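S.K.: I have a structure here, written as structure tokens, and I will follow up with some questions on it.
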Amino acid sequence: MRLVMENSPLLRFISLTVPLAMFLQAMAVPSLQEQAGALLAWKDTLESHPAQLQFWGMGNNTNWPCSWYGIECSKYQATHQEVITKISLRGLRLRGELDALNFTALATLTSIQLSHNRLTGRIPPGIVSLRELRFLLLQRNQIRGPLSPALASMKNLRCLMLQENKLSGEIPRQIGELENLVSLNLSANHLSGPIPSEIGYLKKLVWLGLVNNNLIGPIPRTLGNLTKLTILYLRGNYLCGYLPPELGYLLNLREMSLNVNELMGSIPNTFGSLNNLTHLYLWENKLFGPIPPELGYLVNLEELDLSINKLFGSIPNTFGNLVKLTSLHLRDNHLSGFIPPELGYLVKLEDLVISNNTIMGSIPDTFGNLTKLTTLQLSDNQLFGHIPREIGNLTNLEKLELSNNYLSGPLPPNLCISGQLKNLTAEDNYLNGSLPSSLLNCTSLVRVRLEMNQLEGDISAMGAHPNLVYIDMRSNKLFGQLSYKWGECRKLNKLSISNNNITGKIPTSMGQLFGLRILDLSSNKLEGELPRELGNLKKLFHLNLADNSLHGSIPQEFWALSSLDFLDLSSNYLSGLVQGSIENCLMLRSFNLRQNNFRGSIPSMLGVLHNLMDKLDLSENSFSGAIPSQLSSLTMLETLNLSNNELSGLIPSSFKRMESLTLIDLSYNELEGPVPESKLFRGAPIQWFMHNKMICGVVKGLPPCSSPTQNGGKMKGYKTLALAMVTTTICLVLVVYILVFRHERNKSKSIVNSRVTQEKVFSIWSFDGANVFKQIVEATTNFSETHCIGTGGYGSVYKARVSACEIFAVKKIHTIQDDCCVNEAMFNSEIEALVRIRHRNIVKLFGYCSSRQGRFLIYEYMDRGDLAEILRSNARAIELDWRRRVHIVLDVVHALAYMHHDCSSPIVHRDITSNNILLDLEYRACISDFGTAKILDIDGQNITRLAGTKGYLAPELAYTDNVTEKCDLYSFGVLVLELFAGCHPGDLLSSLSLRTKNNDVYLKDLLDLRLVLPDAATTREIYSMLRVAVQCLEPSPSRRPTARHASDELSTIKACANHIDFIHARLIIPTQ
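Residues -28 to -1, 1 to 1044, numbered by mature numbering (1 follows the signal peptide of the UniProt record, and there is no 0), are exactly what the sequence shown covers, in order.
As structure tokens, this is what we get:
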């Protein structure tokens, strides 16, 4: 039998073919010379040749490429010949493309390390021929293009590192075929689309990084199959949907970063099984529900961040088990209850951040055990009681933030005893007692905010703070004198100690604070002259020394403050002439010298201060002579007050050009002659001109001016005046009727498609704009009525569900007759500016499309629709309880403050109504049509059509076309009344007028009858909010608060009950 086998044909075939196969394989393996040639050819294509490559190609023996920099050789297993197996050229700043490298000649490579260079182009198709390749490291280059599905053929690949390039397109699902892959990092690219569920087949995967891309859709449940995974980084994408409970099966996981996405739902209880987890980051998502107590079982956890979500409930007591925790961040949620004392036993804790929640109770004394703590942030909660003395013994503490609570008692006596404290913020509490001596001498301080408390004591010792940048201690009960040592705080850019009892003189050493930008010492008892040394503060833009006892004249050096934006020296005893190089202060927006003893003429040079916008107040002085006509050059000025002086002569006729004026007070002077003819003056109250010598004109209450050509007596003049008034009234009525008629007609008008001169699709988008628009057309069935969710003055709105997680509101803009006149470039420019605006209470504008079908604006979709519709429905209005209504007021006023004060240039909405307030599932309120009025009126053609909605219009719009921020505030006041009343306040006040003869209204009569009366604490909040709303309804724009002031005032309202019966408190509604 054995003999037969030895002579069998099969055996002879094998004996012949195996050597032949080995021979053919050996012939297929490139020689070292061929491989060296491929490398040299690639080197010649590079734009840069670092010193490390200059010796490439200079050898003489057969092994010469193996001695080159970055090249490693080894024997090929099949043939035992020497071949190149590794290329490692990390961080040489190589410029060029990989496509020029002949990978066929380098088929024996097992590792390519070309990271931290400047390689461009795409990943070459030839790279997939490297079947032996185990490591492909190309991170931190500039490689573009998509990932090829052919990469799946590289079955031996273990490590694929392509992060920090410019790759685009979707992740191919074939990547799930790389069964030996251990590390996959595609972070910091431009990848889009969903995460392929096939990644869950990579059973050997230990590291998965997809950070900072444009990935969408849910996290695949199949990731729960990656049982060897230790690192999972998915942060910085647009992932949505719920957190898969299957992630709790990854028992080897050490770090999980899912932050900065749009994930929703609750945190799975299964996460409590991740016993090896050391870092868990879920911040900045849309997670809601309570924090699972099971997270307290993660005994190896070192860092936990759940901030910026919508989590509610209490902080679990089980967190006391996290003995290895060094960082705990829970800020910006809706957490309530008390701070668990068990947190005080986490002795390794360095950062504890729980700010901006609704936590109540006291700060636990056990926090004195946290000796390693460097950051403690508890601001914006409802904490009360004393600050534990033990806090002062935390010698490593660098940041202590306790602002906006109800804390009382003194500051801890040993605060900053170790000289480590940098940030101390405890403003808006009820703190009292003296400043600790340890704080007065704390040289490490950088930022201090203690304003709006009841702190007492002498601050004379303060000023030895060489690192101090910001200090605000206004509205306390501090006394003493300002030390010369303040001049040593050379890094200071804000110093505010207003509204205290500070005495003495302003130290001349403050003139050495060359970086100071804000100096506010108002409302104290300072005396002496203004230090001329303050003229050295070239960066100063806000100077407020009002309401003191300062005397003397304004030093000439003050006019060298060329950056000054705000100057208030009012309510002092300053005197002399106002003269000097005033024209240097061209940046001034507000200038106030009210209630002093200045004399002489008003400087004509004030007319060159063209940026004066908010106020020019020279009232209650002794200015004499004529009003300079040059003041009419202040075309942006809103308030001009020259009352209570000794001015004489005529009111300059050129004042009619000051179209921005909303208030001009010339009373109590010696003026005479006619009032200038303009809309402002025609609608002005008599109070602006009272107690002058002889002023005449069309103002109601003033005598008419006689004309040289008229000799018919007073009766004829009165008839002329009456006729003019009747004509004006009729014109105003007609204008209002036309505006209302056009507005109502536009609501029912069908959409007319307009032909755009240039067909295009333009989109400001992180994705392909044309593709997105195509998806929107498909999602709305070509904008059919079944998908229409609303029609307004500007256009029809459609709901477009592009994917399971992506829903947009698409506004198809109504075609207007003069559409052809719209400046397309300016239109696009406005859109680009609006897309860059980000605020949580402004409906996000994603982009803009233009085609033959019309113009389209793509907005964030708000699930609950507009506020007006909710208030009209009894069932939905009842769901909108008092607490939700309180939060809506705060959301809207924060958005207005952002629009008016935080944008690069102030933006007026023009149409704040309940129709333009939209709510999401969590009742977050957002202002819609933000900027629509502006972008549809770029050429100023449609301002009358777009200036607002009847019932919300500010009264001054009856006599001026100038729409200002104060018009938005008036509309906001109407909106707040409507929100708490459940109907438009015009209807409500009409019904109240049957029971009362004046505008005094009890709070209970203003509240929505469909809801049960609020509790005492909420009633106080509502009353305080309605008081602000009433201020917004003042007929005079100057008497209305700014959006910033309203936002600050509403944000500091405390929801605490006291003995006052607010439900029966009275509100006085201004007469309109």
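Glycine included, each C-beta is placed from N, C-alpha and C at the ideal position. Bear in mind that the values here come from a model prediction, so they are computed numbers and not experimental data.
Can you tell me which residues form a DSSP beta bridge with Pro166?
M.R.: Paired residue(s): Ile188.
S.K.: Count the other CB atoms within 10 Å of the CB of Thr397; is the residue buried (16 or more) or exposed (fewer)?
M.R.: The residue in question, Thr397, is buried, as its Cβ has 16 or more Cβ neighbours within 10 Å.
S.K.: Taking the straight line between their C-alpha atoms, what separation do you get for Lys886 and Leu219?
M.R.: The sequence shown places Ser at residue 886, not Lys. Looking at the two C-alpha atoms, the distance is approximately 43 Å.
S.K.: Report yes if the CB atom of Asp277 is closer than 8 Å to the CB atom of Asn231, and no otherwise.
M.R.: In contact: Asp277 and Asn231 (Cβ atoms closer than 8 Å).
S.K.: So the alpha helix (DSSP H) Gly9 belongs to, where does it begin and stop?
M.R.: From DSSP, the alpha helix (DSSP H) with Gly9 extends over Leu4 to Thr17.
S.K.: Trp179 lies in the beta strand (DSSP E); which residues open and close that run?
M.R.: Counting along the chain, the beta strand (DSSP E) containing Trp179 begins and ends at Trp179 to Gly181.
S.K.: Does the Cβ of Thr607 have 16 or more other Cβ atoms within 10 Å, making it buried, or fewer, making it exposed?
M.R.: Exposed, because fewer than 16 other Cβ atoms sit within 10 Å of the Cβ of Thr607.
S.K.: Taking C-alpha atoms, which residue in Cys875, Ile761 and Arg855 lies nearest to Arg836?
M.R.: Here the closest residue by C-alpha is Ile761.
S.K.: Around the C-beta of Met424, are 16 or more other C-beta atoms found within 10 angstroms, so that it is buried, or is it exposed?
M.R.: Classification for Met424: buried.
S.K.: If I follow the unbroken alpha helix (DSSP H) through Thr763, where does it start and stop?
M.R.: Here Thr763 belongs to no alpha helix (DSSP H); instead the beta strand (DSSP E) covers Cys760 to Thr763.
S.K.: Within its chain, find whatever has a CB closer than 7 Å to the CB of Leu369; leave out the 5 residues flanking it on each side and keep chain order.
M.R.: Cβ within range, chain order: Leu345, Thr346, Leu348, Gln392 and Leu393.
S.K.: May I ask you to list the residues that DSSP assigns as paired with Pro646?
M.R.: According to DSSP, which records beta bridges pairwise, Pro646 is partnered with Cys668.
S.K.: Please report the Cβ distance between Gly189 and Ser877, rounded to the nearest whole angstrom; I am assuming they are in contact, meaning their Cβ atoms lie under 8 Å.
M.R.: Their Cβ separation, rounded to whole angstroms, is 38 Å, which puts Gly189 and Ser877 out of contact at 8 Å.
S.K.: Between Ser1008, Asp901, Val769 and Tyr924, which has its C-alpha nearest Gln659's C-alpha?
M.R.: It is Ser1008.
S.K.: Gln53 bridges to which residues according to DSSP?
M.R.: In the DSSP output, where bridge partners are listed per residue, Gln53 has none listed.
S.K.: Measuring CB atoms only, is the segment 980 to 996 touching the segment 609 to 625, in the sense that at least three cross pairs come out at less than 8 Å?
M.R.: Output reads no: the segment 609 to 625 does not touch the segment 980 to 996.
S.K.: Let's see if you can read the secondary structure: which residues bound the alpha helix (DSSP H) around Ser409?
M.R.: First-last of the alpha helix (DSSP H) with Ser409: Ser409 to Leu412.
S.K.: Judging by CA-CA distance, which residue of Glu274, Gly196 and Val183 is the nearest neighbour of Asn233?
M.R.: It is Val183.
S.K.: Going by DSSP, what residues sit across from Thr611 in a beta bridge?
M.R.: DSSP, once it has assigned bridges, lists Leu635 as partnering Thr611.
S.K.: Which of helix, strand or coil does DSSP assign to Thr290?
M.R.: Thr290: helix per DSSP, three-state reduction.
S.K.: From this set, Tyr895, Ala869 and Leu829, which residue's C-alpha is nearest His859's C-alpha?
M.R.: It is Tyr895 whose Cα lies nearest to the Cα of His859.
S.K.: Any idea what DSSP makes of Tyr640, helix, strand or coil?
M.R.: Correct three-state label for Tyr640: coil.
S.K.: Let me check understanding here. Comparing Cα to Cα, which of Lys176, Glu266 and Glu136 lies closest to Lys127?
M.R.: Minimum Cα distance to Lys127 is reached at Lys176.
S.K.: Please identify the residue among Cys668, Arg130, Leu119 and Ser468 whose C-alpha is closest to the C-alpha of Gly489.
M.R.: Strictly speaking, residue 489 in this sequence is Arg, with Gly absent from that position. Of the listed residues, the one whose Cα sits closest to Arg489 is Ser468.
S.K.: Enumerated in chain order, which unbroken segments of the beta strand (DSSP E) with a length of 3 residues or greater are wholly contained in the segment 429 to 489?
M.R.: DSSP runs (the beta strand (DSSP E)) wholly in the segment 429 to 489: 442 to 444, 449 to 453, 466 to 468 and 473 to 475.
S.K.: Excluding the 5 residues flanking Cys388 on each side, which residues of the same chain have their C-beta closer than 6 Å to its C-beta?
M.R.: So the qualifying residues of the chain are Ser410, Leu411 and Cys414.
S.K.: Any idea if Glu592 is buried or exposed, counting beta-carbon neighbours within 10 angstroms, 16 or more meaning buried?
M.R.: Buried, since its Cβ has 16 or more Cβ neighbours within 10 Å.
S.K.: Run the CB neighbour count on Lys449, radius 10 Å, all protein chains shown included, and call it buried at 16 or more, exposed below.
M.R.: So Lys449 counts as exposed.
S.K.: What would DSSP say about Cys45, mapped onto helix, strand or coil?
M.R.: Cys45 falls in the strand class under three-state DSSP.
S.K.: List in chain order: all unbroken alpha helix (DSSP H) runs of 4+ residues lying wholly within the segment 503 to 578.
M.R.: With a minimum length of 4 residues, no continuous alpha helix (DSSP H) run stays inside the segment 503 to 578.
S.K.: Name the two residues that bound the continuous alpha helix (DSSP H) containing Asn846.
M.R.: Where Asn846 is concerned, the enclosing alpha helix (DSSP H) stretches over Asn846 to Glu851.
S.K.: Leaving aside the five residues before and after Leu12 along the sequence, list all residues of the same chain whose C-beta is less than 6 Å from its C-beta, in chain order.
M.R.: Excluding residues within five positions, the ones whose Cβ falls inside 6 Å are Gly29.
S.K.: Any idea what DSSP makes of Val946, helix, strand or coil?
M.R.: Of the three classes helix, strand and coil, the one that applies to Val946 here is helix, per DSSP.
S.K.: Among Ser822, Ile1041 and Thr991, which one has its Cα closest to the Cα of Gln1003?
M.R.: With distances taken between Cα atoms, Gln1003 lies closest to Ile1041.
S.K.: Taking buried to mean at least 16 other C-beta atoms within 10 Å of its own C-beta, is His1036 buried or exposed?
M.R.: Its Cβ having fewer than 16 others within 10 Å, His1036 is exposed.
S.K.: On the DSSP letters alone, give me the boundaries of the beta strand (DSSP E) that Tyr210 sits inside.
M.R.: Run containing Tyr210: Tyr210 to Tyr214, per the beta strand (DSSP E) assignment.
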